[in-house]
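Numbering-wise, this note's numbering puts 300 at position 296 of the sequence shown, and it's gapless, one number per residue.
Glycine included, C-beta positions come from ideal geometry on N, C-alpha and C.
Since the structure comes first, as structure tokens, the remarks are kept for the end.
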Amino acid sequence: MDLNTLITVEGLARSFPAPKGGGNVTVFDELWFDVAKGEFVCLIGHSGCGKSTLLNILAGIDKPSGGVVIVDGKEITGPSLDRAVVFQGHALMPWMSVMANIAFAVTSRWPKWSAAKVREHCQHYIDMVNLTGAEDKKPAQLSGGMRQRVGIARALAIEPRIMLMDEPFSALDALTRGSLQDEVVSICTKTRQTTFMITHDIDEAILLADRILLMTNGPEARVAEIVVNTLPKGRVRNELHKHPNYYAMRNHLLDFLVSRSEDLRGMVEGVDPKHPPMVFPKAGDGGPQPTLAASRT
Ligand SMILES: Nc1ncnc2c1ncn2[C@@H]1O[C@H](COP(=O)(O)OP(=O)(O)OP(=O)(O)O)[C@@H](O)[C@H]1O
Ligand SMILES: [Mg+2]
5 MDLNTLITVE GLARSFPAPK GGGNVTVFDE LWFDVAKGEF VCLIGHSGCG
55 KSTLLNILAG IDKPSGGVVI VDGKEITGPS LDRAVVFQGH ALMPWMSVMA
105 NIAFAVTSRW PKWSAAKVRE HCQHYIDMVN LTGAEDKKPA QLSGGMRQRV
155 GIARALAIEP RIMLMDEPFS ALDALTRGSL QDEVVSICTK TRQTTFMITH
205 DIDEAILLAD RILLMTNGPE ARVAEIVVNT LPKGRVRNEL HKHPNYYAMR
255 NHLLDFLVSR SEDLRGMVEG VDPKHPPMVF PKAGDGGPQP TLAASRT
């Protein structure tokens with residue numbers, strides 16, 4: 005194992021009983037990938053291909069039907085405060101204020117802390133996501149964007165080794181989404197937070213991710229390709245389109261979502277699932293041309 009690897013996913017599979025009885029439906033199988041310390045990895049795939057299921061397994065709140073998830077050399081067996089999750093919906097406790105929602109998580113992490121210390125710690129993260137002044141509000145009194153900010157602050161506040169995010173901005177309007185993405189960029193750059201995030205949004209992936217995993221449509225979904233972001237780190241949302249590789253990246257991802265993701269057999273035929281092709285879309289490529297590259301492990 006590479007010393008820099010934090011998460012290793014080996015041969016992961018998940019099946020559920022078929023809705024009409026008679027056997028199982030395999031949502032995905034033979035998923036293999038890794039995430040390095042400090043890396044930001046995005047997962048893109050169509051609705052229903054198993055992204056949330058995968059994230060729940062990484063979080064330890066669902067169990068795979070096969071394969072393992074290894075974090076820091078140890079197989080995970082359940083949830084841990086080392087792995088914080090920002091869910092597809094905000095998942096806040098509706099009867100608790102912003103401060104109390106975050107304090108609840110912080111107290112679970114550091115049970116011996118005094119109330120004053122917990123409050124001070126929470127305030128730091130509330131300020132970080134620009135929610136200063138909303139400490140005493142209940143979730144129902146907040147906008148959708150503000151609720152997602154609380155979810156992000158709560159996840160960050162427990163200082164997890166790994167942040168797992170399931171389409172955290174998908175329900176937001178474009179303006180709010182943009183400003184939250186900017187905050188995530190600045191926080192993750194500052195803290196070198198290892199993050200695994202699911203998204204449907206190609207521009208979001210190009211802005212945030214170091215690498216982008218492309219998942220084919222299910223059933224039996226696979227990681228078809230690993231796209232390395234060829235736009236250098238320090239990316240700024242409004243400047244992305246000026247980079248010479250931007251359109252090559254965007255077209256490659258779009259082409260996958262629009263046409264190639266459906267054709268599982270065509271995508272993964274002849275591909276060793278342990279070593280999905282690595283792709284480096286660059287200006288002048290002349291379209292998507294996956295090239296097999298050595299795996300990083
Ligand atoms: N507990 C469950 N029991 C049975 N089937 C399930 C269960 N959870 C998920 N599935 C099925 O697994 C598949 C993948 O679901 P999942 O929620 O992981 O998709 P997703 O990729 O996150 O989709 P979306 O982009 O819409 O959020 C779906 O077909 C879903 O019906
Ligand atoms: Mg989902």
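Nearest to residue i (by Cα), restricted to the options the options
{"i": "T195", "options": "G42, P143 and P223", "result": "G42"}
{"i": "Y250", "options": "V283, D140, S183 and A287", "result": "A287"}
{"i": "G70", "options": "E273, A17, N255 and G82", "result": "A17"}
{"i": "S147", "options": "L176, V72 and P83", "result": "L176"}
{"i": "L96", "options": "S112, W117, V154 and F260", "result": "V154"}
{"i": "R151", "options": "L168, M167, S174 and R165", "result": "S174"}
{"i": "S183", "options": "G149, G137, I48 and G64", "result": "G149"}
{"i": "E273", "options": "H247, A225 and V232", "result": "A225"}
{"i": "M34", "options": "R254, K24, R113 and T12", "result": "The amino acid occupying residue 34 in the given sequence is Glu; Met does not appear at that position. Residue T12 is the option with its Cα nearest to E34."}
{"i": "T111", "options": "R123, M100 and D38", "result": "R123"}
{"i": "V89", "options": "K278, D289 and L168", "result": "L168"}
{"i": "Q197", "options": "I206, D205, T180 and I166", "result": "I166"}
{"i": "G77", "options": "T193, A109, P248 and E14", "result": "E14"}
{"i": "V45", "options": "D66, M219 and N255", "result": "M219"}
{"i": "V262", "options": "G64, I210 and H204", "result": "H204"}
{"i": "L180", "options": "I210, A109, V133 and T193", "result": "In the sequence as presented, Leu is not what sits at residue 180; that position holds Thr. Of I210, A109, V133 and T193, the residue nearest in Cα terms is V133."}
Cα-Cα separation, residue i to residue j
{"i": "A252", "j": "E208", "result": "15 angstroms"}
{"i": "L217", "j": "K55", "result": "11 angstroms"}
{"i": "V275", "j": "V227", "result": "10 angstroms"}
{"i": "A159", "j": "F200", "result": "13 angstroms"}
{"i": "E243", "j": "D186", "result": "12 angstroms"}
{"i": "I162", "j": "L85", "result": "7 angstroms"}
{"i": "P21", "j": "T136", "result": "46 angstroms"}
{"i": "M282", "j": "A144", "result": "44 angstroms"}
{"i": "Q92", "j": "H125", "result": "25 angstroms"}
{"i": "I206", "j": "A178", "result": "13 angstroms"}
{"i": "K24", "j": "P68", "result": "22 angstroms"}
{"i": "D66", "j": "A120", "result": "35 angstroms"}
{"i": "S118", "j": "L47", "result": "39 angstroms"}
Residue i and residue j closer than 8 angstroms at C-beta
{"i": "L4", "j": "F32", "result": "There is no way to answer for residue 4, as the model of the chain reaches only from 5 to 301."}
{"i": "L212", "j": "V188", "result": "yes"}
{"i": "N221", "j": "H94", "result": "no"}
{"i": "D131", "j": "M103", "result": "no"}
{"i": "N233", "j": "D259", "result": "no"}
{"i": "I191", "j": "D170", "result": "no"}
{"i": "E229", "j": "P280", "result": "yes"}
{"i": "T30", "j": "P285", "result": "no"}
{"i": "L235", "j": "H247", "result": "yes"}
{"i": "P172", "j": "R87", "result": "no"}
{"i": "G82", "j": "G64", "result": "yes"}
Residue i at chain C interface by Cβ criterion, 8 angstroms
{"i": "P164", "result": "This model lacks chain C altogether, as it is built from one protein chain only."}
Closer than 7 angstroms: residue i CB and nearest ligand 1 heavy atom
{"i": "P53", "result": "Checking the sequence shown, residue 53 turns out to be Cys, not Pro. Under cutoff, so the answer is yes."}
{"i": "Q3", "result": "This structure cannot settle anything about residue 3, because the visible part of the chain is limited to 5 through 301."}
{"i": "F260", "result": "no"}
{"i": "S69", "result": "no"}
{"i": "F20", "result": "yes"}
{"i": "V313", "result": "There is simply no residue 313 to check, as the chain begins at 5 and stops at 301 in what is shown."}
{"i": "G93", "result": "no"}
{"i": "G49", "result": "yes"}
{"i": "V31", "result": "yes"}
heavy atom of ligand 2 below 7 angstroms from residue i C-beta
{"i": "S56", "result": "yes"}
{"i": "D170", "result": "yes"}
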